[in-house]
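Participant: Here the working numbering is used: the first residue of the sequence shown is 1060, the next is one more, and so on.
Don't be surprised by glycine CBs; every beta carbon is placed ideally from N, CA and C.
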Amino acid sequence: APYAEFYDRFIIVARQSASLVYPPPPGADMAALCRELLASLASSVAFEPRAAKALLADGVRYGRTKLFLRRPLISALDALRDVRLKAMDRMAVKCQALFRGYALRKEMREMWEGFLRLQAAWRAVLYRQAWLRRARAVRVIQRHAKAWLTWRWYQAVKDATVVVQRWFHKQAARLRWTHQRRGLRLFHSLARGWVVRRHVLLMLRAVVTLQRSARDFLVRNRAYWDQVRAVDRKSVV
1060 APYAEFYDRF
1070 IIVARQSASL
1080 VYPPPPGADM
1090 AALCRELLAS
1100 LASSVAFEPR
1110 AAKALLADGV
1120 RYGRTKLFLR
1130 RPLISALDAL
1140 RDVRLKAMDR
1150 MAVKCQALFR
1160 GYALRKEMRE
1170 MWEGFLRLQA
1180 AWRAVLYRQA
1190 WLRRARAVRV
1200 IQRHAKAWLT
1210 WRWYQAVKDA
1220 TVVVQRWFHK
1230 QAARLRWTHQ
1240 RRGLRLFHSL
1250 ARGWVVRRHV
1260 LLMLRAVVTL
1270 QRSARDFLVR
1280 NRAYWDQVRA
1290 VDRKSVV
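#1: Determine the direct distance from the alpha carbon of P1085 to that of V1104, and round the result to whole angstroms.
#2: Distance, Cα to Cα, A1138 vs M1089?
#3: Which of helix, strand or coil does DSSP assign to R1129?
#4: Looking at the structure shown, is V1142 part of a helix, part of a strand, or coil, going by DSSP?
#5: Look at E1064 and L1079 and say whether their C-beta atoms are less than 8 Å apart.
#6: Kindly give me the distance between the Cβ atoms of V1142 and L1128, rounded to whole angstroms, as I take these residues to be in contact under 8 Å.
#7: Alpha carbon to alpha carbon, how far is R1225 from R1244?
#8: DSSP beta-bridge partners for V1119?
#9: In terms of DSSP beta bridges, what is P1301 paired with?
#10: Take the Cβ of F1069 as the centre, count every other Cβ of all protein chains shown within 10 Å, and call the residue buried at 16 or more, exposed below.
#11: Around the C-beta of L1136, are 16 or more other C-beta atoms found within 10 angstroms, so that it is buried, or is it exposed?
#12: So, are the CB atoms of Y1062 and K1125 less than 8 Å apart?
#13: Quick one: residues in its chain with C-beta nearer than 8 Å to the C-beta of Q1201, no 5 flanking neighbours on either side, listed in chain order?
#14: Quick one: complete beta strand (DSSP E) runs, 3+ long, within the segment 1219-1254?
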């Protein structure tokens, strides 16, 4: 695991000290912090001294950016972390229960004091306070309703904006692809025309060459037979 990830995962299990803090100081050496963290974890009551030394000697390898742990050691550390998380959960639940009990007792005491004050107050004051409470509640409800309506309108506008942006990006991509395809087709047609023209020119050159060769052959053949006929006439004479 990377040093930062290992430190973030198991810092809650270690004992508090001046260097082992969360978050780590800016620019801190995470490898050194992880070594100190492992030493602190090994010195806890969950490990025997011999077993801790054996695990640290055989189960840990330090790399440049990562820390390599064997499965028994990482399982033991995860078990320690689970125990610490469960203990923290129990403490949080206990704190919540204490706070809720205190808040409930305080609320009940305030309600009782208010009830005693209301018993001693005039009826008109009681009605006025009730009306003021209702007015405040109505204003709070109105404010929350307006906030909810505004949030709903914002969400609708945002969703519509996302849809419009998606459609615009799709149309722009389609237009770019259309232009590219037209350019490719034009390039293909020009390339094919050039190839055809070159092929036709080569064929014309070949035909001209064949015609020239045939004419030269006919001229030489005619001259040869003229010579043969001339020789035959001389021999007859």
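Facilitator: To lay it out plainly:
#1: In this prediction, V1104 scores a pLDDT of 47, lower than 50, which makes its location untrustworthy; no coordinate-derived value is stated.
#2: A1138 and M1089: Cα-Cα distance of roughly 23 Å.
#3: coil
#4: helix
#5: Remark: C-beta atoms of E1064 and L1079 do not approach each other more closely than 8 Å.
#6: Actually they are not in contact, since the Cβ atoms of V1142 and L1128 sit about 18 Å apart, beyond 8 Å.
#7: 28 Å
#8: L1128
#9: With the chain covering 1060 to 1296 only, the question about residue 1301 has no answer from this structure.
#10: buried
#11: buried
#12: yes
#13: So no residue of the chain qualifies.
#14: none
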